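Colleague: Residue numbers (the numbering used here), protein chains in the order written: chain A, 3 to 350; chain B, 3 to 350; chain C, 3 to 350; chain D, 3 to 350. The following block contains the structure, expressed as structure tokens.
4 protein chains.
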Amino acid sequence: MSLVEGSSEAAAREVLDPDVWHYVSRGAGGNVSVGEAAGAWRTYRFRPRVLQDVRRVETDLELFGTWRTPIGIAPSAFHQLYTPAGELATAAAAFACGAPMVLSSRTTTRLEDVAAVIQGPWWFQVYVMRDPSITAATVRRARDAGASALVLTGDTPYVGYVPPTGTARPLPLTDELALANVAQHLPHEGVADIWELIDQDAGITVDTIEWLAKESGLPVIVKGILRGDEAIRCVEAGAGGIWVSNHGGRQLDGALPTARALPEVVAAVEGQVPVVVDGGIRSGTDALAALSLGASAVFLGRPVIWGLATDGQAGAERVVDEVTAQLRHAMGLAGATSLAQLDPSLVA
Amino acid sequence: MSLVEGSSEAAAREVLDPDVWHYVSRGAGGNVSVGEAAGAWRTYRFRPRVLQDVRRVETDLELFGTWRTPIGIAPSAFHQLYTPAGELATAAAAFACGAPMVLSSRTTTRLEDVAAVIQGPWWFQVYVMRDPSITAATVRRARDAGASALVLTGDTPYVGYVPPTGTARPLPLTDELALANVAQHLPHEGVADIWELIDQDAGITVDTIEWLAKESGLPVIVKGILRGDEAIRCVEAGAGGIWVSNHGGRQLDGALPTARALPEVVAAVEGQVPVVVDGGIRSGTDALAALSLGASAVFLGRPVIWGLATDGQAGAERVVDEVTAQLRHAMGLAGATSLAQLDPSLVA
Amino acid sequence: MSLVEGSSEAAAREVLDPDVWHYVSRGAGGNVSVGEAAGAWRTYRFRPRVLQDVRRVETDLELFGTWRTPIGIAPSAFHQLYTPAGELATAAAAFACGAPMVLSSRTTTRLEDVAAVIQGPWWFQVYVMRDPSITAATVRRARDAGASALVLTGDTPYVGYVPPTGTARPLPLTDELALANVAQHLPHEGVADIWELIDQDAGITVDTIEWLAKESGLPVIVKGILRGDEAIRCVEAGAGGIWVSNHGGRQLDGALPTARALPEVVAAVEGQVPVVVDGGIRSGTDALAALSLGASAVFLGRPVIWGLATDGQAGAERVVDEVTAQLRHAMGLAGATSLAQLDPSLVA
Amino acid sequence: MSLVEGSSEAAAREVLDPDVWHYVSRGAGGNVSVGEAAGAWRTYRFRPRVLQDVRRVETDLELFGTWRTPIGIAPSAFHQLYTPAGELATAAAAFACGAPMVLSSRTTTRLEDVAAVIQGPWWFQVYVMRDPSITAATVRRARDAGASALVLTGDTPYVGYVPPTGTARPLPLTDELALANVAQHLPHEGVADIWELIDQDAGITVDTIEWLAKESGLPVIVKGILRGDEAIRCVEAGAGGIWVSNHGGRQLDGALPTARALPEVVAAVEGQVPVVVDGGIRSGTDALAALSLGASAVFLGRPVIWGLATDGQAGAERVVDEVTAQLRHAMGLAGATSLAQLDPSLVA
Ligand SMILES: Cc1cc2nc3c(=O)[nH]c(=O)nc-3n(C[C@H](O)[C@H](O)[C@H](O)COP(=O)(O)O)c2cc1C
Ligand SMILES: Cc1cc2nc3c(=O)[nH]c(=O)nc-3n(C[C@H](O)[C@H](O)[C@H](O)COP(=O)(O)O)c2cc1C
Ligand SMILES: Cc1cc2nc3c(=O)[nH]c(=O)nc-3n(C[C@H](O)[C@H](O)[C@H](O)COP(=O)(O)O)c2cc1C
Ligand SMILES: Cc1cc2nc3c(=O)[nH]c(=O)nc-3n(C[C@H](O)[C@H](O)[C@H](O)COP(=O)(O)O)c2cc1C
């Protein structure tokens with residue numbers, strides 16, 4: 003089952019600047035992980051229940067907020083690369099769909115402006131910057147602007163290696179846009195160091211979880227987990243949730259597909275905190291597999307970008323709505339009427 | 003081993019209207035299940051017995067009737083789409099071959115007319131409609147017309163999702179034809195609701211099994227089972243047989259191939275009721291695998307339609323006869339002279 | 003590792019009549035088994051021993067005769083289809099190579115004439131014909147002509163199904179040639195029945211093993227075994243050897259590749275009698291895998307025919323010699339200097 | 003992740019004489035092992051740790067010498083085929099990179115001259131020649147010239163079989179070059195026997211390990227091990243290290259990929275001696291897999307030759323440096339800051 007035609011990968015490729023397209027679609031290294039992510043979900047098969055009353059199928063969800071769908075929007079950087087309204091479009095789409103949205107640390111819009119278009123909770127993704135005071139200030143701003151959870155990206159001590167292609171040029175992004183969210187925290191002088199200040203701090207450890215929780219008063223979900231023991235280590239360090247991800251294949255190339263990693267993480271966590279997942283989810287049946295295997299929600303990265311690129315807010319909405327509709331349809335055919343009824347026995 | 007040349011998939015494609023062809027050949031969603039069904043049987047290999055007296059190989063079968071072959075005709079809708087004589091041609095072919103035929107609830111001919119061309123038993127497939135009195139009346143008619151079993155399709159609370167293709171048009175089917183079997187039960191007025199009345203009832207449960215048995219006095223085989231626990235649940239609710247099927251890949255896309263599901267279901271049922279199977283059976287060796295793994299009979303869906311399309315009754319007959327001949331030939335080479343001698347040790 | 007270039011499959015295809023080529027290369031049914039036979043050996047990998055003294059590597063073998071190589075010639079019908087000297091060329095090649103040869107029941111030369119070109123033992127392949135007296139007479143003649151073992155083909159109660167191709171014509175073979183070996187046993191009158199008399203008897207059982215042993219005084223190897231329990235059944239019925247084969251994929255299509263079946267059969271037989279194997283062996287490393295897994299010898303079917311077709315006796319010799327040379331070379335690199343040193347630990 | 007563009011396989015192919023190219027790139031037999039080596043590493047997936055302080059990632063290594071990287075240079079013959087400075091270029095590159103280099107027994111430069119360009123240890127690869135006194139003299143010279151370990155190639159009692167291609171010609175190598183390292187030990191007369199004298203001795207056994215250790219006073223690493231029991235046999239015979247290799251697929255074709263063999267060998271050796279590995283390592287993530295699975299170092303064969311061919315010493319340096327950089331990057335993303343922190347749990 004593929005996404006709505008008008009917001010497809012092919013449609014996005016046609017409208018995007020080739021360098022932007024390459025930035026969005028590429029993974030890291032040899033593109034092993036990015037290339038296999040979606041296929042890994044399709045290795046699962048369904049074992050439906052039959053003869054259940056499925057006249058009403060609900061996808062409602064409580065997860066650091068109340069949502070109408072477990073199909074969320076993963077954090078991704080710099081949405082004005084895709085549509086003029088940038089993150090405003092994304093946020094409006096998320097709100098319209100009743101979907102959880104995670105705003106990236108790297109946005110082309112101030113988070114307060116983004117928050118303003120959502121009449122309810124949202125989550126804020128955190129990169130701890132080399133100057134931790136900037137991060138501290140930012141997460142406080144996020145809390146004040148209505149964020150109900152933080153998502154600490156744990157798989158990015160530094161940016162994943164991308165082999166030189168010969169033809170790639172820098173992203174068409176002004177400093178002003180690239181720095182929109184953090185500009186207010188930067189020193190007015192000594193500009194030579196700016197990029198260094200806001201670069202990821204490769205030295206952060208699990209202690210960061212407590213620190214963020216304390217600074218913001220918000221639950222901290224750790225993103226980028228692919229093993230059970232790491233999930234437990236984060237939970238013991240205070241994590242309020244675990245996000246199984248290999249960063250869309252953009253960090254350690256060859257990292258396990260999330261479709262393979264999810265069951266181990268769910269088993270290790272034993273329900274102490276919710277587990278969510280992203281990576282290669284492209285349809286309602288992909289989502290059905292993930293949710294049946296124990297994810298509380300799934301997140302779309304590139305598909306939402308495709309939607310933004312092809313049709314701004316409406317495009318992003320179509321993507322989330324369509325995957326939600328596919329999920330609801332598939333749940334009924336599998337004999338389930340609520341997310342609570344999904345369990346691993348539905349998957350082989 | 004492929005089907006007889008003159009009734010092949012390619013031959014049918016040539017003669018059928020493209021929309022009808024698409025309707026027949028497509029699955030649901032991303033066509034995962036429809037695409038892998040036949041190949042899943044070919045993953046099995048045979049472990050033949052040798053030096054057995056195989057001068058006479060029989061394929062006789064008792065299964066809610068007496069048949070000369072375990073190669074049956076699965077229920078499919080609207081046969082006048084394929085050949086002018088519609089279900090009359092199919093029924094005549096089944097009778098000529100000594101094969102079990104299942105008449106769909108959705109036919110282009112009144113069931114009584116179809117029954118008239120068969121001098122013996124047949125099975126009737128049931129969709130419970132939103133107005134249950136129509137279904138009740140229909141199954142009583144089927145019993146009166148000689149049906150020896152009901153096949154309750156359990157995997158279709160509603161019709162499987164088919165992504166819009168842009169070019170697909172409605173089937174070339176008049177209301178009169180589409181309603182042939184149920185017209186007599188429809189109210190003469192309030193036509194606006196008709197399609198709603200006869201649509202599947204998404205609310206039916208296993209209680210439907212007892213209800214149908216009581217209304218008709220016939221054994222009820224539940225079709226669309228892919229897991230052992232679901233088979234048991236149906237048996238406990240009164241099912242007289244289990245039909246392993248994913249509806250030709252037309253319902254929940256990504257549902258387990260029946261070739262993979264069959265052994266689990268057979269093991270769970272432990273011989274309490276017969277188990278039959280359909281999906282991707284295209285040759286006598288596919289049938290040999292299924293029967294060895296514990297199916298009492300196998301059913302052909304699309305191949306019979308190809309036969310009807312290319313040559314009406316004769317075409318359908320050629321398909322069933324040829325697969326039966328291939329099965330008989332293969333049984334002998336495997337050292338078996340009757341269906342009772344087939345066992346799982348023949349398959350690896 | 004492929005065969006010598008001048009005697010390759012491609013070279014044979016060029017010189018042979020297309021109908022003969024089709025007869026040789028095709029399998030039965032959907033060509034599943036014939037298509038996967040060679041590849042199945044290539045799924046094995048070697049675990050060589052190192053630092054062994056391998057200055058002398060021997061391939062000598064005692065197996066119902068004394069041979070210089072375990073690379074034998076499998077029985078195949080009608081060699082005058084491939085080279086004017088027919089089976090005389092094959093036999094001379096076998097003798098020159100010191101290789102065991104199995105003469106088919108279906109030859110274009112009288113077995114006495116074939117035997118005359120071999121100064122030593124050979125094996126005779128048996129199809130039990132509907133008139134058993136013909137078979138009885140033939141095996142006695144074989145014994146008298148120096149055969150040291152019989153090979154009873156157990157997988158052919160009748161000839162495997164070949165789907166009609168539309169273009170295939172009968173083999174270019176006169177009755178005289180086709181009947182060369184049995185003509186002397188046929189009644190002079192009632193010619194209409196001849197082909198029926200010499201057709202395989204589909205009614206033979208394991209009792210045939212004792213009968214043949216008694217008629218000929220020779221050990222009986224049963225050919226066509228793919229399962230351990232069947233091997234044991236034959237051994238208990240008096241078999242002197244077991245030949246793992248699926249008849250080059252020409253009988254039950256989809257029968258297990260011999261590369262997969264061999265280990266089970268070897269394990270079941272527990273050394274009570276020797277086990278040999280054929281099917282898809284195309285190089286010395288294929289042979290190394292088979293011999294390591296417990297085969298006492300391996301047999302080439304089609305490759306010898308390619309050799310005959312391209313260059314008569316010399317071509318057949320090149321094939322057997324080259325595979326033997328490859329085997330000897332590979333044995334040394336695996337750290338083995340005799341067939342006795344090959345064991346399953348060499349294979350993964 | 004592929005190698006640096008300027009030193010790639012494709013770049014080397016363009017500059018090398020076709021016969022030399024074929025000599026470098028080919029494997030033995032049917033090229034099964036050479037063809038699958040690299041892909042076998044890519045079947046592994048990573049299970050990274052997150053939220054570790056990875057500001058400093060070190061690749062330092064003690065292993066019969068002190069090195070800055072575990073990416074070593076495997077022994078290969080005749081480097082003047084690739085670059086005019088031959089082994090001098092290779093040695094200088096190894097020293098510049100801080101990488102372990104193994105000098106082949108078959109060089110186009112006297113080992114003393116090679117050793118002179120390295121200000122530190124290096125390893126010497128040993129083929130025991132039919133005249134053992136030549137080998138004895140050579141290993142003593144190696145020790146005197148600063149070698150810190152011997153690498154006894156155990157998988158080459160004779161050179162692996164290469165099927166005739168019809169077009170291949172002898173390597174463009176004068177006798178003088180081919181004999182550079184051993185000329186001083188050859189008798190001045192009786193030249194007809196020279197190649198025989200220096201050919202591998204197919205009769206050597208594990209006793210050679212002790213003999214070499216005694217002659218040279220150096221630890222002896224046995225190269226060409228693919229099974230645990232063979233590793234133990236060598237360790238018990240005095241080996242100071244085990245080198246898992248199938249000789250780049252150039253000896254027994256179909257020998258196990260080293261990526262599959264490594265875990266068994268590491269498990270068997272139980273840390274008694276270090277284990278290293280080569281074969282198909284083409285990137286830092288390939289190296290990460292090998293090192294995580296228990297290798298102390300990994301060695302590059304052909305990639306260094308590609309570097310030499312495209313740009314002499316600088317090309318070889320780029321290859322080793324780039325793979326080291328990729329490894330260091332990947333280690334950090336996997337949460338490890340030193341080789342000691344790599345363990346099998348990082349790999350699935
Ligand atoms: C263009 C792009 C930018 C991204 N930026 C971020 C980011 O700023 N922070 C983050 O935690 N993840 C980021 N991600 C990773 C996504 O959150 C998510 O893990 C990934 O895209 C999911 O895989 P999918 O694209 O296959 O759905 C980015 C992904 C893409 C494709
Ligand atoms: C065109 C078409 C119409 C079908 N209609 C029905 C139906 O009315 N009722 C039903 O239970 N199954 C229906 N099926 C499913 C078949 O009974 C059967 O499960 C399936 O076709 C078997 O797979 P095969 O086509 O690969 O042999 C239909 C299948 C096709 C292809
Ligand atoms: C053209 C042809 C004719 C054959 N005729 C006989 C035969 O007469 N008797 C018999 O036992 N097997 C016969 N076989 C089977 C071979 O003995 C052998 O099992 C098979 O060819 C081995 O597989 P390979 O061709 O892949 O090496 C024949 C095979 C071929 C290809
Ligand atoms: C052209 C060539 C020459 C080689 N010569 C030697 C040699 O002289 N001694 C030796 O032990 N291994 C030799 N090898 C094998 C390498 O040491 C190493 O095992 C192999 O190349 C590793 O695989 P890779 O090429 O895939 O990295 C040679 C390999 C190649 C490609």
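Glycine included, every Cβ here is placed at the ideal spot set by N, Cα and C. This structure is a prediction, so every number in the text was calculated from the model and none was measured.
Is any non-hydrogen atom of ligand 1 found closer than 7 Å to the C-beta of Val128 of chain D, if you look at the structure I gave you?
Modeller: Outside the cutoff, so no.
Colleague: Is the region 140-156 of chain B touching the region 219-226 of chain B in the sense that three or more CB pairs, one from each, lie closer than 8 Å?
Modeller: Yes: at least three Cβ pairs fall under 8 Å.
Colleague: Between Ala327 of chain B and Gly282 of chain B, how many whole angstroms is the CB-CB distance? I'm expecting something under 8 Å.
Modeller: Between Gly282 of chain B and Ala327 of chain B the Cβ distance is about 20 Å, and since that is not below 8 Å, they are no contact.
Colleague: Can you name the residues of chain D whose CB is closer than 8 Å to the CB of Ser285 of chain C?
Modeller: Per Cβ cutoff of 8 Å: Gly31, Gly32.
Colleague: Can you name the residues of chain D whose CB is closer than 9 Å to the CB of Asp55 of chain C?
Modeller: Going along chain D in sequence order, the residues near Asp55 of chain C (Cβ under 9 Å) are Pro159, Ala204, Gly205, Ile206, Thr207.
Colleague: Where do the N-terminal and C-terminal ends of the alpha helix (DSSP H) with Gly314 of chain A fall, by residue?
Modeller: 304-335 is the extent of the alpha helix (DSSP H) around Gly314 of chain A.
Colleague: Alpha carbon to alpha carbon, how far is Asp323 of chain C from Gly168 of chain D? Give it in angstroms, no decimals.
Modeller: Distance between the alpha carbons of Gly168 of chain D and Asp323 of chain C: 20 Å.
Colleague: Would you tell me roughly how many angstroms separate the C-alpha atoms of Thr45 of chain A and Leu290 of chain A, rounded to the nearest one?
Modeller: Roughly 13 Å between the two C-alpha positions.
Colleague: What are the boundary residues of the alpha helix (DSSP H) that Ala98 of chain D is part of?
Modeller: 89-99 is the extent of the alpha helix (DSSP H) around Ala98 of chain D.
Colleague: Can you give me the Cβ contacts of Arg112 of chain A inside the same chain, cut-off strictly under 7 Å, excluding the 5 residues immediately before and after it?
Modeller: Hits under 7 Å: Ala182, Asn183.
Colleague: Tell me the residue span of the alpha helix (DSSP H) that contains Ile206 of chain D.
Modeller: Element bounds for Ile206 of chain D: n/a, residue is neither H nor E.
Colleague: Determine the chain B residues that contact Thr210 of chain C at a beta-carbon separation under 8 Å, and present them in chain order.
Modeller: The answer, in chain order, is Leu53.
Colleague: Over the uninterrupted alpha helix (DSSP H) stretch that includes Asp288 of chain B, give me the two end residues.
Modeller: Looking at the DSSP string, the run of the alpha helix (DSSP H) that includes Asp288 of chain B is 286-294.
Colleague: Leaving out five residues before and five after Ile338 of chain D in sequence, what residues of the same chain have Cβ atoms less than 6 Å from its Cβ?
Modeller: Here residue 338 of chain D turns out to be Ala, not Ile, going by the sequence shown. Correct list, in chain order: Leu344.
Colleague: Which residues, in order along the region 226-250 of chain D, keep a beta-carbon less than 9 Å from a beta-carbon of chain C?
Modeller: Listed in sequence order: Gly226, Ile227, Leu228, Arg229, Asp231, Glu232, Arg235, Cys236, Ala239, Asn248.
Colleague: Answer with yes or no whether the minimum CB distance from Gly377 of chain A to chain B is below 8 Å.
Modeller: No answer is possible for residue 377 of chain A: it lies beyond the span of chain A, which begins at 3 and ends at 350.
Colleague: Mind listing, in chain order, the continuous alpha helix (DSSP H) runs of no fewer than 4 residues lying wholly within the region 30-94 of chain D?
Modeller: The region 30-94 of chain D contains these whole alpha helix (DSSP H) runs: 34-43.
Colleague: Could you tell me which of A:Asp288, A:Ile73, A:Ala239 sits nearest to Ala2 of chain A, measuring between CA atoms?
Modeller: With chain A covering only 3 through 350, there is no way to say anything about residue 2 of chain A.
Colleague: List, in order along the chain, the chain A residues whose C-beta lies closer than 9 Å to that of Ala336 of chain D?
Modeller: Leu254, Ala257, listed in chain order.
Colleague: Cβ of Pro305 of chain B versus every heavy atom of ligand 2: is any distance shorter than 7 Å?
Modeller: Yes; taking the cut-off as 7 Å, the Cβ of Pro305 of chain B has a heavy atom of ligand 2 nearer than that.
Colleague: Compare the C-beta of Arg320 of chain B against all C-beta atoms of chain C and say whether one is closer than 8 Å.
Modeller: No, Arg320 of chain B lies away from the interface with chain C (no Cβ there is under 8 Å from its Cβ).
Colleague: Tell me which same chain residues have a C-beta within less than 6 Å of the C-beta of Arg49 of chain B, skipping the five on either side of it?
Modeller: Excluding residues within five positions, the ones whose Cβ falls inside 6 Å are Leu348, Ala350.
Colleague: Using a C-beta cutoff of 8 Å, does Arg330 of chain D count as contacting chain A?
Modeller: No, because no Cβ of chain A sits closer than 8 Å to the Cβ of Arg330 of chain D.
Colleague: Write down the C-beta distance between Asp157 of chain C and His249 of chain C rounded to the nearest angstrom, noting that I regard them as a contact closer than 8 Å.
Modeller: Indeed they touch by this definition, with Cβ atoms about 5 Å apart.
Colleague: Classify Val17 of chain A as helix, strand or coil using the three-state DSSP reduction.
Modeller: Of the three classes helix, strand and coil, the one that applies to Val17 of chain A here is helix, per DSSP.
Colleague: Just to confirm my understanding: we take Gln315 of chain B, look at its own chain, exclude 5 residues before and 5 after, and list those with CB closer than 6 Å. What are they?
Modeller: So the list reads Ala91, Ala94, Ala95, once near-sequence residues are dropped.
Colleague: Can you list, in chain order, the residues of its chain whose CB lies under 8 Å from that of Arg58 of chain B, leaving out five sequence neighbours each side?
Modeller: Closer than 8 Å at Cβ, skipping near neighbours: Thr339.
Colleague: Would you mind telling me which residues of chain A sit closer than 8 Å to Ala350 of chain D, beta carbon to beta carbon, in chain order?
Modeller: Near Ala350 of chain D (Cβ distances below 8 Å), the residues of chain A are Leu258, Arg262.
Colleague: Buried or exposed: where does His190 of chain B fall if 16 or more other Cβ atoms within 10 Å of its Cβ makes it buried?
Modeller: That one is exposed.
Colleague: Please name the residue, chosen from A:Trp245, A:Asp195, A:Gly162, that lies closest to Ala204 of chain A on a Cα-to-Cα basis.
Modeller: If we check each option's Cα against that of Ala204 of chain A, A:Gly162 comes out closest.
Colleague: Would you say Gly63 of chain B and Ala311 of chain B are within 8 Å of each other, going by their C-beta atoms?
Modeller: Gly is not the amino acid found at residue 63 of chain B; the sequence shown has Leu there. No, the pair does not count as a contact, with Cβ atoms beyond the cut-off.
Colleague: Tell me the rounded alpha-carbon separation between Leu83 of chain A and Thr176 of chain A.
Modeller: About 10 Å.
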